[in-house]
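Using the working numbering, you'd call the opening residue of the sequence shown number 19 and step up by one each time. Below is one structure; the comments refer to it alone.
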Amino acid sequence: MADLFTLAPPATSSLSLKLSALGVILPLQRCESDCATICDADGRDVFTVDANGNRPDEEAEQIAVTLMAAINSASAMGVL
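Structure, rendered in structure tokens:
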């Protein structure tokens with residue numbers, strides 16, 4: 019009988035493969051230079067929420083962190 023507690027290797031999702039092909043190394047993380055900018059694992063900018071500054075900083079930061087978490091979670095679980 020197979021060991022039911024053996025963890026499967028992390029899934030490689032089409033999302034993570036596509037981002038990797040574009041030079042984006044997961045997981046994404048918050049950039050130190052801007053609260054609403056998300057960087058890849060190598061510290062390169064990937065996206066900035068509200069670059070025009072129309073939203074309050076706190077709101078832009080919450081959106082950025084939420085999107086970052088969604089991308090990291092989806093790619094780790096192989097959802098996308």
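Just so you know, even glycine gets a beta-carbon here, dropped at the ideal spot from N, CA and C.
Quick check on this structure: which residue in the options has the alpha carbon closest to the alpha carbon of residue i?
i, options, result
"V83", "D52, N72, A94 and M95", "D52"
"A69", "E79, L33, A92 and S32", "E79"
"R62", "M95, S91 and V42", "V42"
"M86", "A59, L40, R73 and K36", "A59"
Can you give me the start and stop residues for the beta strand (DSSP E) that residue i sits inside?
i, result
"I81", "I81 -> not in any beta strand (DSSP E); alpha helix (DSSP H) instead, spanning D75 to M95."
"I56", "T55 to C57"
"D63", "D63 to T66"
In chain order, what residues of the same chain have a beta carbon less than 6 Å from the beta carbon of residue i, not counting five sequence neighbours either side?
i, result
"I89", "L46"
"G71", "none"
"S93", "S31, L33, S34 and L44"
"V67", "A54, A78, I81 and A82"
Can you give me the start and stop residues for the alpha helix (DSSP H) that residue i sits inside?
i, result
"L37", "S32 to A39"
With a threshold of 8 Å on Cβ separation, who are the neighbours of residue i within its own chain once the five nearest residues in sequence on each side are excluded?
i, result
"L22", "The predicted model places L22 with a pLDDT of 46, which falls under 50 and marks its position as unreliable, so this point remains unresolved."
"C57", "L46, Q47, R48, C49, D63 and V64"
"S75", "Note on identity: in this sequence residue 75 is Asp, with Ser being the wrong assignment. Only C53 and A54 meet the Cβ criterion."
Leaving out five residues on either side along the sequence, give the residues of the same chain with a beta carbon under 7 Å from the beta carbon of residue i.
i, result
"L25", "Below a pLDDT of 50, predicted positions are generally treated as unreliable, and L25, at 42, falls in that range; the measurement from the model is reported next regardless. Here the set comprises nothing."
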